[in-house]
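Notes follow once the structure below has been shown.
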């Protein structure tokens, strides 16, 4: 029912009740932030990109048809925002995608289990960073389990079956890279 | 054995709970029967769980602030354009009935005005009627005056005839008759002047031409000669020649007429 409500909220935003975008923002900001962050953007850039997604949602609200879940629409915008950002950044020749954690992660000096757990998480982030951006993207899109494979396929422009296969293989690759990093 | 791709798809479906019960049971049985796929699936599941453990830091409060600033700015902008529409719609809302009444009253006024118009126009009609009446009266007056024995009154009659905006045939005939037969030179002269108002009428021109041989007075002969030159009336040449042959003319008049004939030719 969550998606239905999302859709209803978005339809309200479309009809001029902009206030409702605040609710949608509260619901999805973490997911979007996580998406951008795990796509390799540093936190402040990720925050900007989340902002950009909602600016776009406002700008293109009239094009929202209400068909399909809101999250699919939102993530396809997020994907474009990320793509545009990286295109712009690479044009400007600025390095990107190095989050502060990346800088720390080489130390490997973890004192306790809690730190170990965090170390796992950092390792995972690193593994994810080593995946191709396509695979990273599809994993992040499927992570939240809100999008059906069919919708992921639509966002990426492929069939449902192809989306499943791609997620499967991306997972396999992730696991492999993670294990490699772990044993190193 | 199973096609790799098919396995990948089914594994994803199974893992994400996209399968129907029977399909899920079939797949489970398949995994039990095939150890290598079982392992593959376990790996996949671990990777999936690993992915789920992936964390991202919490976004800072700056993000919220920036977002709500943006949203309120957008809403303000929207409202700034919206009030304009509101004002317009309010105005139309307020004034539409008044406008309708206004338009209705205007149309009523026009309608009433239209029906009252004939009354309004009775004055011009009366004027026209009065004009017609005065024309008739004047016509009678002219005809009566032209018949008077007093040259003075006949002159008055001719000058009355000048007042017609458009003299009818009766008046013109009367004027021509005066021109041809009136004993007084001044009256005849006045008749010519009066008739010059209607030289565009063929019968007037014809009448003037025909009167040429009848004229005894030099002043009339010269006046007619001038008029014919002005009109370039070729038909007047014969009567002038006749006049030159038959009558004992004043030498000035004679020269004048000869010159007129030349200029007309």
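Chains as they are written, first to last, in this note's numbering: chain A, 254 to 437; chain B, 9 to 273. Glycine residues also receive a C-beta, built at the ideal position from the N, C-alpha and C atoms.
Which residues bound the alpha helix (DSSP H) around residue 252 of chain B? Segment 245-254, the alpha helix (DSSP H) holding residue 252 of chain B.
Give me the chain B residues within the contact set of residue 378 of chain A, using Cβ-Cβ distance strictly less than 9 Å, ordered along the chain. Residues of chain B whose Cβ lies closer than 9 Å to the Cβ of residue 378 of chain A are, in chain order, 62, 63 and 64.
Which of helix, strand or coil does DSSP assign to residue 417 of chain A? Assigned with DSSP and collapsed to three states, residue 417 of chain A falls in helix.
Expressed to the nearest angstrom, what Euclidean distance is found between the alpha-carbon atoms of residue 289 of chain A and residue 60 of chain B? Computed Cα separation, rounded: 16 Å.
is_contact[residue 303 of chain A, chain B] using C-beta, thresh 8 Å: It does: the Cβ of residue 303 of chain A has a partner Cβ on chain B nearer than 8 Å.
Beta-carbon proximity of residue 261 of chain B to residue 226 of chain B, cut-off 8 Å: Residue 226 of chain B sits close to residue 261 of chain B, with the two beta carbons spaced by under 8 Å.
Host alpha helix (DSSP H) of residue 218 of chain B (start-end): Per DSSP, residue 218 of chain B belongs to the alpha helix (DSSP H) from 210-219.
Which residues, in order along the stretch 412-424 of chain A, keep a beta-carbon less than 8 Å from a beta-carbon of chain B? Identification of residues in the stretch 412-424 of chain A having a C-beta nearer than 8 Å to some C-beta of chain B yields 414, 417, 418, 420, 421, 422 and 424, given in sequence order.
Anything in the stretch 39-73 of chain B with a Cβ closer than 8 Å to a Cβ of chain A? List those residues in chain order, please. From the stretch 39-73 of chain B, only 51, 52, 54, 55, 56, 58, 59, 60, 61, 62, 63, 64, 65, 66, 67, 68, 70, 71 and 72 have a Cβ closer than 8 Å to chain A.
Is there a Cβ of chain B sitting closer than 8 Å to that of residue 381 of chain A, yes or no? With respect to chain B, the C-beta atom of residue 381 of chain A has a partner C-beta closer than 8 Å.
Between the CA atoms of residue 416 of chain A and residue 428 of chain A - distance to the nearest angstrom: Straight-line Cα distance between these residues: approximately 18 Å.
Report the residue ranges of all alpha helix (DSSP H) runs contained in full by the stretch 135-199 of chain B; include only those spanning at least 4 residues, in chain order. With a minimum length of 4 residues, the continuous alpha helix (DSSP H) runs that stay inside the stretch 135-199 of chain B are 159-170 and 177-189.
Does the stretch 152-166 of chain B come into contact with the stretch 177-193 of chain B, if we say contact requires no fewer than three beta-carbon pairs (one atom in each stretch) closer than 8 Å? Result yes; three or more Cβ-Cβ pairs closer than 8 Å.
Around the Cβ of residue 118 of chain B, are there at least 16 other Cβ atoms within 10 angstroms (buried) or fewer (exposed)? A residue is called buried when at least 16 other Cβ atoms come within 10 angstroms of its Cβ; residue 118 of chain B does not meet this threshold and is exposed.
Between residue 388 of chain A and residue 426 of chain A, is the Cβ-Cβ spacing less than 8 Å? Cβ atoms of residue 388 of chain A and residue 426 of chain A: closer than 8 Å.
Please classify residue 154 of chain B: is it buried, with 16 or more other beta-carbons within 10 angstroms of its beta-carbon, or exposed? Burial check for residue 154 of chain B: the Cβ neighbour count within 10 Å reaches 16 or more, so the residue is buried.
Top-ranked residue by Cα proximity to residue 207 of chain B, from B:180, B:223, B:120 and B:197: Out of B:180, B:223, B:120 and B:197, B:180 has the C-alpha closest to the C-alpha of residue 207 of chain B.
Mind checking whether residue 324 of chain A and residue 272 of chain A have CB atoms under 8 Å apart? For the pair residue 324 of chain A and residue 272 of chain A, the CB atoms are not nearer than the 8 Å cut-off.
Would residue 167 of chain B and residue 138 of chain B be called neighbours here (beta carbons separated by less than 8 Å)? In this structure, residue 138 of chain B does not lie closer than 8 Å to residue 167 of chain B by Cβ.
Is the Cβ-Cβ distance between residue 271 of chain B and residue 237 of chain B less than 8 Å? Yes, these two residues count as a Cβ contact at 8 Å.
Quick one, are the C-beta atoms of residue 421 of chain A and residue 78 of chain B less than 8 Å apart? Contact flag unset, no.
Taking the beta carbon of residue 315 of chain A as the centre, do at least 16 other beta carbons fall within 10 Å, making it buried, or is it exposed? By the neighbour-count criterion, in which a residue is buried when 16 or more other Cβ atoms sit within 10 angstroms of its Cβ, residue 315 of chain A is exposed.
Cβ-Cβ separation, residue 63 of chain B to residue 374 of chain A (assumed contact under 8 Å), whole Å: Approximately 5 Å separates the beta-carbon atoms of residue 374 of chain A and residue 63 of chain B; this is inside 8 Å, confirming the contact.
Would you decide whether residue 30 of chain B is buried or exposed? Buried here means 16 or more other CB atoms lie within 10 Å of its CB. Its Cβ having fewer than 16 others within 10 Å, residue 30 of chain B is exposed.
Tell me, please, whether the CB atom of residue 29 of chain B is closer than 8 Å to any CB atom in chain A? Not a single CB atom of chain A sits nearer than 8 Å to the CB of residue 29 of chain B.
Are there three or more Cβ pairs, one per stretch, closer than 8 Å when the stretch 379-388 of chain A is compared with the stretch 277-287 of chain A? At 8 Å Cβ cutoff, the stretches do not touch.
Residues in the stretch 76-87 of chain B having any Cβ partner in chain A nearer than 8 Å: The stretch 76-87 of chain B vs chain A, Cβ under 8 Å: 76, 78, 79, 82, 83 and 86.
Does DSSP classify residue 336 of chain A as helix, strand or coil? Reduced to three states, the DSSP call for residue 336 of chain A is helix.
Among the candidates B:58, B:218, B:152 and B:26, whose CA atom is the shortest distance from the CA of residue 435 of chain A? With distances taken between Cα atoms, residue 435 of chain A lies closest to B:58.
Within the 8 Å Cβ cut-off, does residue 323 of chain A reach chain B? No, because no Cβ of chain B sits closer than 8 Å to the Cβ of residue 323 of chain A.
Any C-beta of chain A under 8 Å from that of residue 32 of chain B: At least 8 Å separates the CB of residue 32 of chain B from every CB of chain A.
Does the separation of the CB atoms of residue 328 of chain A and residue 394 of chain A fall below 8 Å? Their beta carbons are under 8 Å apart, which means residue 328 of chain A touches residue 394 of chain A by this criterion.
State the Cα-Cα distance for the pair residue 213 of chain B and residue 144 of chain B, rounded to the nearest angstrom. For residue 213 of chain B and residue 144 of chain B, the distance between alpha carbons rounds to 25 Å.
Spatial distance of residue 311 of chain A from residue 343 of chain A (CA atoms): Answer to the nearest angstrom: the Cα atoms are 27 Å apart.
Reduced DSSP secondary structure (H/G/I, E/B, other) of residue 23 of chain B: If DSSP states are grouped into helix, strand and coil, residue 23 of chain B belongs with the helices.
Is the beta carbon of residue 268 of chain B sitting closer than 8 Å to the one on residue 233 of chain B? Closer than 8 Å, so yes.
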